[in-house]
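S.K.: Could you have a look at this structure, given as structure tokens, before my questions?
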Amino acid sequence: MRVLTSWGQSLTMIWLATTPGGFYWPMFPIFGWAIGIMFRALDTYSPAMPAKEKIEREMHPNSGSERTERVQSLMTERSGQLGHL
Numbered sequence: 123m124r125v126l127t128s129w130g131q132s133l134t135m136i137w138l139a140t141t142p143g144g145f146y147w148p149m150f151p152i153f154g155w156a157i158g159i160m161f162r163a164l165d166t167y168s169p170a171m172p173a174k175e176k177i178e179r180e181m182h183p184n185s186g187s188e189r190t191e192r193v194q195s196l197m198t199e200r201s202g203q204l205g206h207l
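Residue numbering for the sequence shown follows the working numbering, beginning at 123 and increasing consecutively.
Below, the structure is given as structure tokens:
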């Protein structure tokens, strides 16, 4: 949090040195970084843990019966398309 504060203060000082009283452009990077920190905190401190099945499914997205079902569906959908070769 200190980094965000000192970084924001640095941008504000640059703004004051270059365009005092003009459009306050440092708000965009400050808010953008704050949103990123918020999502990082939600991801880190989220109480909900994913189910073991979901983790396994993401680690091996096309394994086992899912792969077999996909191959079977593609073979039935495209069976006539390969006949002319």
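From the three backbone atoms N, C-alpha and C, an ideal C-beta is built for every residue, glycine too.
1) Assuming the contact rule is C-beta atoms closer than 8 Å, W137 and Y146 should be a hit. Round their C-beta distance to whole Å, please.
2) Expressed to the nearest angstrom, what Euclidean distance is found between the alpha-carbon atoms of T141 and R162?
3) Can you tell which of M160, E175 and K174 has its C-alpha closest to the C-alpha of S168?
4) Quick check: what's the CA-CA separation for A170 versus H182?
M.R.: The relevant details are as follows:
1) Rounded, the Cβ-Cβ distance is 7 Å, consistent with contact.
2) For T141 and R162, the distance between alpha carbons rounds to 33 Å.
3) In terms of CA proximity to S168, M160 leads the group M160, E175 and K174.
4) So the two alpha carbons sit approximately 22 Å from each other.
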